[in-house]
Amino acid sequence: MAQGFLSPFVYFTINKISRKNLKIEKNGEYEKPGQKAQVNTPEYIDKVIAEWVRLAKGRPTIVFAVDIEHAHAIASLFSQAGIPAAAVDGTMSLKERKKNYQQLENEQILILVSCEALSEGFNVKKVSAVILFRLTTSRAKYFQQIGRGARLWPGKSNCLVLDAVGLIDGEKFGFLEDLTEEDFAIFESEQRPSFSHSPKKTCENCSAMVPAGLRVCSYCNHPFPLP
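The structure is reproduced here in structure tokens:
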């Protein structure tokens, strides 16, 4: 980012879901039914849509959903709100998915919702917003998801991350900027024993997540109260 090879990021927290009664499945991830019961409601999705309109209106956006039904529900409610959207999932052929990728690149749609399908064939550099609508215990998966918006594109000033489940703060994964050379080490002797990230805080005025040491919000210039 500092050298101009990746887009800078801005982060916003929209909502948090309770992990209290969520079980961890054999694959190490949070169970889907417990997540889905909290996030797959019209009220919850509409709140996220309202925040997208407030913060990211007009930006080509990708959304990571809990499962197929959730992905299509999100796309449907965005469309009903007058925002062109589509969903892709693992049951679709690569040809079908690529058609949706092309529509996003051409801005025929602005929202593309994925259920484990944004992999092979996806390379839409103009994506400038990412909505996190599912939990994960994997720091690598989290960075892979938001990293979809890291590519440079003319006129793209940053990638805006909307955390709709409390993933960044709740899992303490931090920002992409918190990654260090040790995170990419191949040899075990060079790896960090555990990951860490700088303290964060949320702006009460605009909901941006910023480094805790800032005196003024870097997004809206709102002054933080003195400790």
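For the sequence shown, my numbering puts the final residue at 1217, and the numbers step up evenly by one.
We treat Cβ as the ideally placed atom computed from N, Cα and C, and that holds for glycine.
- At a Cβ-Cβ threshold of 7 Å, A1071 and I1099 do not count as neighbours.
- Secondary structure at I1099: coil, using DSSP grouped into helix, strand and coil.
- When C-beta atoms of the stretch 1087-1096 are compared with those of the stretch 1151-1162, fewer than three pairs fall below 8 Å, so the two segments do not count as touching.
- The straight-line gap separating the alpha-carbon atoms of I1007 and Q1025 is approximately 8 Å.
- Out of S1147, S1197, L1169, the CA that lies nearest to the CA of R1049 is found in S1147.
- Beta bridge pairing from DSSP links D1079 with C1105.
- Beta-bridge partners assigned by DSSP to Y1020: I1014.
- Each of L1122, S997, N1113, F1002 was checked against the Cα of N1195, and the nearest Cα belongs to F1002.
- When DSSP states are grouped into helix, strand and coil, Y1209 belongs to the coil group.
- Residue environment analysis places H1212 among the exposed positions, since fewer than 16 neighbouring C-beta atoms fall within 10 angstroms of its C-beta.
- Bridge partners of P1201 according to DSSP: K1190.
- Under DSSP, the beta-bridge partners assigned to V1151 are Y1001, V1120.
- DSSP places I1058 inside the alpha helix (DSSP H), whose first and last residues are 1058-1070.
- Ranked by Cα distance from F995, the first of T1031, R1141, F1054 is R1141.
- Residue burial annotation: C1105 is buried, with at least 16 other C-beta atoms found within 10 angstroms of its C-beta.
- Exposed is the label assigned to L1084, since fewer than 16 other Cβ atoms lie within 10 Å of its Cβ.
- In its chain, beyond the 5 residues on either side, T1127 have a beta carbon closer than 7 Å to the beta carbon of G1018.
- With contacts defined by Cβ atoms closer than 7 Å, F1054 and L1166 do not form a contacting pair.
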